[in-house]
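Enquirer: In the working numbering, the protein residues as written are 1 to 478. Yeah, the Cβ is synthetic: ideal placement off N, Cα and C, and Gly gets one too. I have a structure here, written as structure tokens, and I will follow up with some questions on it.
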Amino acid sequence: MSNHFEVIVIGSGPAGYVCAIRCAQLGLSTALIEKETDTGDKPVLGGTCLNVGCIPSKALLDSSQRYADAKGHLSEHGIGVNDVTLNIPEMMVRKEKIVAQLTGGVAGLLKHNKITVLSGAGQLLAGRQVELTDAEGQTALYTADNVVLASGSEPVEIPPAPIDGDRVVDSTGALCLDSVPARLGVIGAGVIGLELGSVWARLGSEVVILEAMEQFLPAMDEQIAKESAKIFAKQGLDIRLGARVTGVEVTPEQVTVGYSLGDVEHSETFDRLIVAVGRRPRTDKLFSGDSGVSMDERGFVFVNEHCATEAPGVWAVGDIVRGPMLAHKGSEEGVMVAERIHGKAAQLNYEVVPSIIYTHPEVAAVGKNEQELKAEGVDYKVGTFPFAAIGRAQASGETDGLVKILSDADSDQILGAHVVGPSAADLVQQIVIAMEMAASTEDLQLMVFGHPTMSEAVHEAALAADGRAIHMVNRPQR
Ligand code: FAD
Ligand code: NAD
């Protein structure tokens, strides 16, 4: 085997493996390096997303929602379910099977596309050389015309609450608890805190979430964040804002968390504690000082809008570069880089990357929110529509939440959409398509939406922007 490739990708997460596949599709000889191995020394492909992120968390969100439905909501439909039981080990086996199926699928795709998978830690050296260090510490040197860095991210730890992997866990540990904690503490009311807090709350835990910020979901549209907070409170999530964790005390059975709220010191005792206070780029030992690549003080690799680093022929994608840490953002960067390596003028529209919190109901957003438009001095229109007035939402018993569409007051072009409610992720995706095509609210008003669907809330919100919603009384929206 030659030690030279047209492209070497370091990291097999959704940014790296998608980039490698697109490179191979374009006819480039491609190698993909992954450092994680299983017990049989085979590389663990798929990164955070497939192994300890998006996929296992959604498997548990789905299982726990079914349990919650069986325990409670089915009775509203006149369906009685007696003796609902919970088998956590079985739930975990199902989750692991899904992970194995998908990571196996990635392995198959890499093989089919004739991508060389190299097992070990990759480090970029000067002159686009890559040193590979395998599990035994053996090193080998490879060279490439282009190197793509895609080493991903890892959970942030905070000194007052060190992870012990038992009572105090990070998101990875929270995905494989062996039993339902009677009381579960979560530090951080961000995406992970809300999703994994919801999983265990549905399975029976009393969940308290301690959040340092005074504002709930500050990056979300304020109206949607407020509405979401109400819904989560109704579900029993006890979210305490402005809580500064000062320390934890761990005993073999429990963990006591000290925190201050304003000037008052508090403490709470839990069976388990999840620390979910953000993630940081995994760039330690990823490149040598003379590689020409540099990073900021938080470890994010400097790249331009096309993900090119300062070193010629070296690119970086996914969680190690600026922008939201989202699987789909990284994958599309991977595709863009592959296309650019192949000589195409590909680009990515960062303005229309959707973000979703997979609670029940979901919270989803794309584009600008109302407070951003206000701060930028944009003259905008608002159209909102509640799910309570949607026939399908009533039929499904999913009436919480609303759709909100923001558009330019002059041109009518859609600038953003924010949804909390049933199928929020899919509804926001409709707006992603509309925004990518520079659509206006009038375009949405003129389209035919199937009845009865949740999508009708998108139609009505677009109509409401001009005071012409049909199924509610139109009132000025700002
Ligand atoms: P990663 O997926 O982290 O992959 C990087 C890979 O590189 C890893 O396999 C790592 O072992 C390997 N690696 C690192 N250094 C080296 C090296 N030196 N040599 C060789 N290999 C190396 N995002 C969403 O969009 N939707 C979701 O629903 C969602 N849910 C999430 C749930 C949880 C609990 C978590 C933790 C994250 C979630 N995310 C979600 C975020 C998503 O997982 C990440 O944004 C995504 O995985 C980043 O992709 P990546 O390819 O940049 O990095
Ligand atoms: P996050 O940034 O979403 O939330 C972290 C929260 O912790 C913030 O609200 C922050 O104010 C709070 N916090 C920080 N330090 C604290 C402290 N000392 N005490 C109390 N609160 C503190 O991060 P996350 O939830 O850990 O998720 C990490 C990343 O993973 C996110 O950036 C997200 O993009 C990605 N992710 C995405 C999804 C999804 O797309 N559905 C799901 C999970 C994770």
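Kindly identify the DSSP beta-bridge partner or partners of Ile506.
Expert: A question about residue 506 goes unanswered here, because the residues of the chain that appear run from 1 up to 478.
Enquirer: In this structure, how does DSSP classify Met91 when only helix, strand and coil are distinguished?
Expert: In this structure, Met91 counts as helix in the three-state DSSP scheme.
Enquirer: Which first and last residues belong to the alpha helix (DSSP H) in which Gly313 is found?
Expert: Careful: Gly313 lies outside any alpha helix (DSSP H) and carries neither H nor E.
Enquirer: Answer yes or no: do Leu373 and Thr384 have a C-beta to C-beta separation smaller than 8 Å?
Expert: No, they are not a contact pair.
Enquirer: Going by Cα to Cα distance, which pick from Ile320, Leu118 and Gly80 is closest to Ala135?
Expert: Per the Cα distances, Leu118.
Enquirer: Could you confirm whether any beta carbon from chain B is found closer than 8 Å to the beta carbon of Arg183?
Expert: No chain B appears in this structure, which consists of one protein chain only.
Enquirer: Tell me, which residues are paired with Ser260 by DSSP?
Expert: According to DSSP, Ser260 bridges with Arg244 and Glu265.
Enquirer: Report yes if the C-beta distance between Tyr17 and Leu110 is below 8 Å; otherwise report no.
Expert: Yes; because the gap between Cβ atoms is below 8 Å, this pair is in contact.
Enquirer: Rank Val7, Glu154, Leu141 and Val180 by C-alpha distance to the C-alpha of Pro89 and give the top, closest one.
Expert: Answer by Cα proximity: Val180.
Enquirer: In the DSSP output, which residue or residues are listed as bridge partners for Gly104?
Expert: According to DSSP, Gly104 bridges with nothing at all.
Enquirer: Could you check whether Ser407 and Lys381 sit closer than 8 Å to each other, using their CB atoms as the reference points?
Expert: For Lys381 and Ser407, yes; Cβs fall inside 8 Å.
Enquirer: Since Ala34 and Ser2 are thought to touch, with beta carbons under 8 Å apart, how far apart are those beta carbons, to the nearest angstrom?
Expert: Contrary to the premise, residue 34 reads as Glu rather than Ala in this sequence. With a Cβ gap of about 20 Å, Glu34 and Ser2 do not count as contacting.
Enquirer: Please classify Leu446: is it buried, with 16 or more other beta-carbons within 10 angstroms of its beta-carbon, or exposed?
Expert: It counts as exposed.
Enquirer: Among the candidates Arg183, Met220, Phe216 and Ala395, whose CA atom is the shortest distance from the CA of Leu203?
Expert: Ranking the options by Cα distance to Leu203, first place goes to Arg183.
Enquirer: Quick check on Pro476: buried or exposed, where buried means 16 or more other Cβ atoms within 10 Å of its Cβ?
Expert: It is exposed - the Cβ of Pro476 has fewer than 16 other Cβ atoms within 10 Å.
Enquirer: Taking contact to mean 3 or more Cβ pairs, one atom from each stretch, closer than 8 Å, check whether the segment 288-300 and the segment 206-216 are in contact.
Expert: Verdict: no, contact absent.
Enquirer: Name the two residues that bound the continuous beta strand (DSSP E) containing His418.
Expert: His418 -> beta strand (DSSP E) spans Ile414 to Gly421.
Enquirer: Is the beta carbon of Pro422 sitting closer than 8 Å to the one on Pro361?
Expert: Yes. Within cutoff.
Enquirer: Among the candidates Ser396, Ala389, Ala388 and Glu442, whose CA atom is the shortest distance from the CA of Ile405?
Expert: Cα-wise, what sits closest to Ile405 is Glu442.
Enquirer: Between which two residues does the alpha helix (DSSP H) harbouring Ala469 extend?
Expert: Here Ala469 belongs to no alpha helix (DSSP H), and DSSP marks it neither H nor E.
Enquirer: From what residue to what residue does the alpha helix (DSSP H) around Glu442 run?
Expert: Taken as a continuous stretch (DSSP letters only), the alpha helix (DSSP H) holding Glu442 covers Thr441 to Leu446.
Enquirer: For the ligand NAD, is there any heavy atom lying closer than 7 Å to the beta carbon of Arg279?
Expert: True, at least one ligand heavy atom lies under 7 Å from that Cβ.
Enquirer: Assuming Cys19 and Val317 are in contact, meaning their beta carbons sit under 8 Å apart, how far apart are those beta carbons, in whole angstroms?
Expert: Cys19 to Val317, Cβ: 6 Å. Contact.
Enquirer: Return helix, strand or coil for Ala481, following the three-state DSSP convention.
Expert: Lying outside 1 to 478, the shown extent of the chain, residue 481 is not represented and no answer is given.
Enquirer: Along the chain, where does the beta strand (DSSP E) that runs through Ser355 open and close?
Expert: Looking at the DSSP string, the run of the beta strand (DSSP E) that includes Ser355 is Ser355 to Ile357.
Enquirer: For Glu214, does the three-state DSSP call read helix, strand or coil?
Expert: If DSSP states are grouped into helix, strand and coil, Glu214 belongs with coil.
Enquirer: Please report the straight-line C-alpha distance between Val191 and Pro281, rounded to a whole angstrom.
Expert: Between Val191 and Pro281, the C-alpha separation is close to 17 Å.
Enquirer: Rounded to the nearest angstrom, what separates Thr309 and Trp315 at their Cα positions?
Expert: Between Thr309 and Trp315, the C-alpha separation is close to 5 Å.
Enquirer: Could you tell me the boundaries of the beta strand (DSSP E) in which Glu154 lies?
Expert: Counting along the chain, the beta strand (DSSP E) containing Glu154 begins and ends at Ser153 to Pro155.
Enquirer: Pick out the complete beta strand (DSSP E) segments inside the segment 13-82, 3 residues or longer, and give them in chain order.
Expert: If we require 3 residues or more, the beta strand (DSSP E) runs fully inside the segment 13-82 come out as 30-34.
Enquirer: DSSP on Leu125, reduced to helix/strand/coil?
Expert: If DSSP states are grouped into helix, strand and coil, Leu125 belongs with the strands.
Enquirer: Please classify Tyr350: is it buried, with 16 or more other beta-carbons within 10 angstroms of its beta-carbon, or exposed?
Expert: With fewer than 16 other Cβ atoms within 10 Å, it is exposed.
Enquirer: Please state if the CB of Pro160 and the CB of Val248 are separated by a distance shorter than 8 Å.
Expert: A contact, by the Cβ cut-off of 8 Å.
Enquirer: Beta carbon of Val317: closer than 7 Å to some heavy atom of the ligand NAD?
Expert: No, since every heavy atom of the ligand NAD falls outside the 7 Å radius drawn around the Cβ of Val317.
Enquirer: Name the residue from Leu194, Leu415 and Gly391 whose alpha carbon lies nearest to the alpha carbon of Gly450.
Expert: Answer by Cα proximity: Gly391.
Enquirer: Evaluate contact between the segment 264-271 and the segment 221-239, counting only Cβ atoms and requiring at least three cross-stretch pairs below 8 Å.
Expert: Judged by Cβ distances under 8 Å, the segment 264-271 makes no contact with the segment 221-239, as fewer than three pairs qualify.
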